[in-house]
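Heads up, my numbering is the position in the sequence shown plus 45, with the first residue counted as 1. Think of the CB as a built atom: it goes at the ideal place given N, C-alpha and C, for glycine as much as any other residue. Given the structure is predicted, the values throughout are model-derived calculations rather than measurements. Only one structure is covered here, and it is reproduced in the block below.
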Amino acid sequence: MTVKAESEIQEALRLLKSKKWVDLTHTFGPNSPHFFMFDDAEFKTLFTHDDGFFAQNFSFSGQYGTHIDAPIHFVRDTRYLEELQLKELVLPLVVIDKSAAAAANNDFTLSVQDILDFEAVHGEIEEGTFVALRTDWSKRWPDHEAFNNKDADGNNHIPGWGPEALKLLFEHRKIKAIGHETFDTDSAIDFRKNGKLIGEYYVLEQDTYQIELMTNLHLLPAKGAIIFNIVPKPEKASGFPVRSFAILP
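As structure tokens, this is what we get:
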């Protein structure tokens with residue numbers, strides 16, 4: 046590496062550190078909200094400082110807290126988490142704000158028209174971007190009842206992505222990945238109607254990933270930020286808790 050190259054890298058780092066950084070990750074624990082089919086996380090102390098050092102054991106599903114889903118999570122014979130490349134995990138970030146719509150209608154499902162309306166204001170969504178859907182659902186964390194939002198019949202009312210909107214983004218805008226503040230890609234009403242998570246399967250079928258249970262999207266601009274999705278490399282994993290953050294322009 047030349048001195049000039051080192052200088053360029055150091056200058057880039059100084060520039061990045063001069064910007065505002067926003068954590069997009071919930072702190073999670075045994076009492077945090079999670080997908081209903083998973084057990085509560087378990088945190089166990091193995092050794093204390095009286096033993097000479099502090100160490101713990103953690104037990105939780107791969108899809109716990111703010112987490113990344115690899116393609117293999119839903120689609121057979123596709124990539125595991127460890128096979129995602131580093132440059133895939135750092136992307137330009139677009140945030141579609143539908144928080145007001147989701148507050149007015151908890152069954153809100155993002156449509157093609159919602160994307161076109163966004164683009165009429167902010168310009169066409171660029172190829173290779175990470176698109177996050179802001180619903181402000183993360184502000185309900187860590188209240189289980191508010192997050193699950195069940196009616197008297199036990200049905201959830203939670204916003205999400207519509208399948209046709211996802212197809213527009215991946216097939217026509219050529220985006221790279223998505224993220225959202227809820228447990229699932231699909232709205233709860235679509236899940237009940239379809240009997241399966243059509244949107245989630247579609248996203249992972251594109252041989253890419255998604256980030257679920259994001260937070261602090263209300264602190265981000267519609268365009269211009271960069272997202273980093275930092276995650277360990279467990280062997281043959283379908284997903285894992287992630288440390289996602291954004292650097293603002």
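The bridge partners DSSP lists for THR70 are MET259. In terms of CA proximity to ALA291, ALA270 leads the group LYS281, GLU280, ALA270. Listed as beta-bridge partners of ASP142 by DSSP are ARG179. DSSP places SER104 in the strand class (E or B) of the three-state scheme. A residue is called buried when at least 16 other Cβ atoms come within 10 angstroms of its Cβ; ILE54 does not meet this threshold and is exposed. Using a 10 angstroms sphere on the CB of ASN239, the tally of other CB atoms stays under 16, which defines it as exposed. Counted as a single uninterrupted DSSP element, the beta strand (DSSP E) harbouring ILE271 occupies residues 270–275. Taken atom to atom, the span from the alpha-carbon of TRP206 to that of THR123 is near 23 angstroms.
A contact is defined here as three or more CB-CB pairs under 8 angstroms, and the stretch 146–153 fails this definition with respect to the stretch 248–266. Counting C-beta pairs with one atom in each stretch, the stretch 278–287 and the stretch 100–112 have three or more that are closer than 8 angstroms, which means they touch.
Counting C-beta atoms within 10 angstroms of its own C-beta, ASN102 has fewer than 16 neighbours from the protein chains shown and is therefore classed as exposed. Here DSSP, grouped into helix, strand and coil, assigns VAL120 to coil. Proximity to GLU169 across ILE234, VAL139, LEU134 peaks at VAL139, based on C-alpha coordinates. Counting of Cβ neighbours within 10 angstroms places ARG121 among the exposed residues, the total staying below 16. At a Cβ-Cβ threshold of 8 angstroms, PHE80 and GLU245 do not count as neighbours. Of all alpha-carbon atoms in ALA57, ALA267, ASN261, PRO277, the one lying nearest the alpha-carbon of VAL166 is that of ALA267. With respect to the 8 angstroms criterion, GLU128 and GLU280 are not classified as neighbours on the basis of their beta carbons.
Listed in chain order, the non-local C-beta contacts of PHE98 below 7 angstroms within the same chain comprise PHE92, local neighbours out to five positions each way being set aside. In this structure, DSSP gives PHE285 an extended state, which the three-state scheme calls strand. Between ALA177 and LEU242, the C-beta spacing is not below 8 angstroms.
The Cβ-Cβ distance between LEU258 and HIS112 falls below 8 angstroms. In the DSSP annotation of this structure, LYS184 is not part of any alpha helix (DSSP H), being labelled neither H nor E.
Boundaries of the beta strand (DSSP E) harbouring HIS225: 222–225, taken from the DSSP string. Between the alpha carbons of ALA57 and LYS64 lies a gap of roughly 11 angstroms.
ALA233 and LYS221 have their C-alpha atoms roughly 24 angstroms apart. Straight across, the Cα-Cα distance linking PRO187 with LYS132 is about 32 angstroms.
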